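Going by my numbering, the letters in the sequence shown line up with residues 22 to 420, in that order. Ideal placement from N, C-alpha and C gives every residue a C-beta, glycine not left out. Given the structure is predicted, the values throughout are model-derived calculations rather than measurements.
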Amino acid sequence: MLRLCNAASAGIVSRLWWTQNHNDPEIEICREHINLFIRDIIILNRNNKVSHRHIQKERRMNVYLPRSSSTRATEVPEPYSSHFISVVVPVFDEEGNVQLLCERLIAVLRDASFKFEIVAVNDGSRDRTPEELRAATEQYSELRVVNLRRNYGQTAAIMAGIDYAAGDVIVTIDADLQNDPRDIPLMIAKLNEGYDVVSGWRTDRKDAAIRRNFLSSMANRLISRISGVALNDYGCTLKAYRRDILAGVRLYGEMHRFIPIYASWMGAKIVEMPVRHHPRKFGKSKYGLERIFKVLLDLVVVKFLDRHLVKPIYVFGGFGLFSLFISAVSFFLMLYLKFFNQISMILTPLPLLSAMTFLIGFTSVLMGLIAEMLVRTYFESQQRTVYTVRGTINFDGPA
Ligand code: UDP
Ligand code: MG
């Protein structure tokens, strides 16, 4: 099948070459068809690769790949219009993008007959973004704006948007028109199939090849491996969530990309869906290479909180005891060498090693105790439980 498609695409490509060189008036239509066709073949190829890899690794993830990207917009199964959808958009210095974004978003959402609102969070923009947003609210009644006092970062802006959103479905999307609003109805359709999180996958990402795409694909692999949740593209902001899955999720640093990981740990059903991606037309990216380090450190935090939130003493105490053990071994070795081999203590590094590891071990155990106190404060001050319940049967009151 693939070979057949590849042969067909070669035929069409040669037709394109012919039309290009013979000034054919059909050229534009032809080019459009070829682009869509080639794209389908790429997706088909990927489909094979992905499903194979996923079966091999027996991961908990599902990957949804549409049969044809060109007909996607008409493939949305009914009913999906019963949800109230909140589209959360973090906006920072996006002058020039605001009007277009609202126009496109609202056209797609109205077309699909959704009940919806757009929650745009102005993250302390210093250009004309606030004025553009205000003007847009006069034009579109579905647009709501939250103005943050200063720039807090994309994750905080998304968090604010979620807090202010009223919908039972939350969709997050970038304001810079790199994500395509036409993918939203497909994501909602996917949620309707019973998924809790639909995560966008920029299969054809339009950012700098090495500086962005390559590094981010390495980071994605690392995050997948460490978290055990197999997603190909954590960084894509275009994601859709059922509201209840976000209850209790608090985001810090660069952590909005890890929401699917939290969700999956809570037992959510997650699916990844290829989405369109466009190059940035107005404004410029707010991020450089430093984001990689932030994301990696956040990953350490996420992993730590997942494994050891409830019993941090096991980590600190474990390391502390190991350190004390090394200290004891060095101490007795030092005595042995002194009394049985007549080697002076100061001729070996053992006294120093023993003292240092003793101090480190002791401090580590104490830090574990402090962490235990913090954990108790965390859970008890907020009346949180160390477990989460999916539902109950035959209890009085709401299940
Ligand atoms: N953004 C934000 N606060 C920030 C940085 C970015 O709200 O401090 C928004 C920005 O307006 C855009 C989205 O986050 O809507 C993604 O930012 P950007 O396009 O710069 O990131 P990239 O696509 O390059 O990863
Ligand atoms: Mg962008």
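Residues near residue i in its chain [Cβ-Cβ closer than 6 Å; skip 5 each side]
| i | result |
| --- | --- |
| tyrosine 262 | Ile191, Val218 |
| leucine 130 | Phe137 |
The ligand MG heavy atom lying under 6 Å from the CB of residue i
| i | result |
| --- | --- |
| glutamine 160 | no |
| glutamine 175 | no |
| aspartate 114 | no |
Distance cut-off 6 Å: residue i Cβ against heavy atoms of the ligand UDP
| i | result |
| --- | --- |
| phenylalanine 352 | no |
| aspartate 144 | yes |
| aspartate 197 | yes |
| serine 306 | yes |
| proline 206 | no |
| alanine 178 | yes |
| proline 111 | yes |
| asparagine 172 | yes |
Beta-carbon spacing of residue i, residue j below 7 Å
| i | j | result |
| --- | --- | --- |
| alanine 196 | valine 110 | yes |
| glycine 256 | glutamate 115 | no |
| aspartate 225 | asparagine 234 | no |
| phenylalanine 337 | alanine 392 | yes |
| leucine 198 | leucine 122 | yes |
| aspartate 144 | leucine 169 | yes |
| glycine 389 | isoleucine 334 | yes |
| phenylalanine 13 | aspartate 189 | No statement about residue 13 is possible, as the shown extent of the chain runs from 22 to 420 and does not include it. |
Beta bridge counterpart(s) of residue i as assigned by DSSP
| i | result |
| --- | --- |
| arginine 263 | Val190 |
| glycine 221 | Met294 |
| isoleucine 139 | Val108, Leu164 |
| asparagine 200 | His298 |
Chain-order list of residues whose beta-carbon lies under 7 Å from that of residue i (same chain, five-residue window excluded)
| i | result |
| --- | --- |
| phenylalanine 340 | Ser385 |
| proline 372 | Met355, Met366 |
| serine 348 | Ser375, Thr378, Phe379, Gly382 |
| threonine 14 | Because the chain is modelled from 22 through 420, residue 14 falls outside the range shown and cannot be assessed. |
| valine 407 | Val331, Phe400 |
| methionine 208 | Val192, Val219, Ala261, Met294 |
Same chain, Cβ closer than 8 Å to residue i, neighbours up to 5 away in sequence not counted
| i | result |
| --- | --- |
| isoleucine 247 | Leu320, Lys324 |
| arginine 149 | Glu116 |
| asparagine 241 | Leu252, Asn253, Asp254, Tyr255, Gly256 |
Task: Three CB pairs or more closer than 8 Å across the stretch 160-179 and the stretch 262-280 - done: yes
Open item on the list: With a threshold of 8 Å, are at least 3 pairs of Cβ atoms found where one atom belongs to the stretch 342-361 and the other to the stretch 316-333?
Closed with: no
- [ ] Check whether the stretch 199-219 touches the stretch 285-293, counting contact only when three or more Cβ pairs, one atom from each stretch, lie closer than 8 Å.
- [x] yes
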